[in-house]
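Quick note: the sequence shown uses this note's numbering, first residue 24, plus one each step.
Where is the CB? At the ideal position from N, CA and C, for every residue including glycine.
Single-structure report; data block below.
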Amino acid sequence: MYMLKSFYCFLKSYFRVEFDVNLSCKNCASSVEKALSKIPDVKIINIDVEKQSVVIESSLPSQVIKEAIESTGKRAVLKGFGSKKLESAVAELKGEGNIFGVIRFHQADKDLCVIDGTVDGLSSGEHGLHIHEYGDLSQGCESIGPHFNPTDSVHGGKEDSKRHYGDLGNIVADSHGRASFRIHNNIVKVYDIIGRSLAVTADRDDLGKGNNESTKIDGNSGKVWLLLLLLDLLDYLKIQKEYVSVMELQFGMKQISQSHDLKFCWKNGPTTS
């Protein structure tokens, strides 16, 4: 019973998200409300036609909410997100070709980090997602070190009791090359990962269940396709509040890119299917 109760609470970690939506009438608002009400784990906070704003709380990836709103024929633009206890790190992934993504780490409480992101331009299927030991991108993939592993454990899946702190499992790209995901992690702490690197691999992570030596090291997840330094965006921008707008995030990333020598790593990828 204790385990089931903890599991339930673990899954029900909500974050507030606001979208700008081109609402022109009450019928438009009703259509959006109807579309959102069909999705489990979505709580509608406010739909304002005059301000053209939709505010919800959900445990789902923001991209899922955006697609639900746009299924009504309206255009939705993510305006901001936040939580009551906001400690965040942001990795903006960009590279050659059509690869682009943003991954956010939210420290909801001392035992829960929520990792929310969307990455475009991947080949369809599963790809490993890992935090690496170092944030030294001077030599690309060669200088980021192994997976972040302060407990000297073996590689494993994101729910295994024995695993690297940096083992975030797999993200799944659809037939269009998009991977949208929300991961609930009970060992990652935002303050521990600032300054390290985040990597997406070419292949699926076998989660330490393979039959060779590499399975307990990196899950046979293949070559690193791209990586970026994890930055404490809130500290960088000196923002101390519960809500962060997308304009502030974009401004922050622009300032960061101008003051950091950020390099991306490409090895035999990516390619879209």
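- The residue from CYS48, VAL77, LYS181 with its alpha-carbon nearest to that of HIS207 is LYS181.
- For GLN75, the closest alpha carbon among the candidates LYS61, PHE42, ASP183 is that of PHE42.
- If you draw a 10 Å sphere on the C-beta of PHE123, you find fewer than 16 other C-beta atoms in it, and that means exposed.
- For GLU165, no beta strand (DSSP E) segment is defined, and its DSSP state is neither H nor E.
- LYS49 and SER203 have their C-alpha atoms spaced approximately 30 Å apart.
- By the neighbour-count definition (other C-beta atoms within 10 Å, threshold 16), HIS199 is an exposed residue.
- Just so you know, the alpha carbons of ILE68 and LYS89 end up roughly 15 Å apart.
- Each of SER82, ILE62, LEU46, SER60 was checked against the Cα of VAL40, and the nearest Cα belongs to SER82.
- Around the Cβ of THR174, a 10 Å sphere holds fewer than 16 other Cβ atoms; the residue is exposed.
- Taking PHE171 as reference, the option from VAL213, SER60, ALA58 with the minimal CA-CA separation is VAL213.
- The three-state secondary structure of LEU135, taken from DSSP, is strand.
- Rounded to whole angstroms, the separation of the alpha carbons of SER237 and ASN243 is 6 Å.
- By the neighbour-count criterion, in which 16 or more other beta carbons inside 10 Å mark a residue as buried, GLN162 falls on the exposed side.
- In this structure, the beta-carbon distance from VAL72 to LEU46 falls below 8 Å.
- Using a Cβ distance threshold of 8 Å, ILE138 and ILE216 do not count as a contacting pair.
- For SER220, the enclosing beta strand (DSSP E) has its first and last residue at 220-224.
- Within a 10 Å sphere around the beta-carbon of ASN193 sit 16 or more other beta-carbons, which makes this residue buried.
- Note on ARG98: under 16 other CB atoms within 10 angstroms of its CB, so exposed under the neighbour-count rule.
- A straight-line Cα-Cα distance of about 17 Å links ASP229 and SER147.
- Contact check for LEU160 against SER220 passes: the beta carbons are separated by less than 8 Å.
- With contacts defined as CB atoms closer than 8 Å, SER85 and ALA58 fail to qualify as a contacting pair.
- The shortest C-alpha to C-alpha distance from GLU156 to any of LEU191, LYS239, GLY168 is the one to GLY168.
- DSSP, reduced to helix, strand and coil, places GLU93 within a helical segment of the structure shown.
- Secondary structure of ASN208 (DSSP, three-state): strand.
- Beta-bridge partners assigned by DSSP to THR174: none are found.
- In this structure ALA225 is in contact with HIS150, their Cβ atoms being roughly 7 Å apart against a cut-off of 8 Å.
- In the DSSP secondary-structure assignment, ASN69 is bridged to VAL78.
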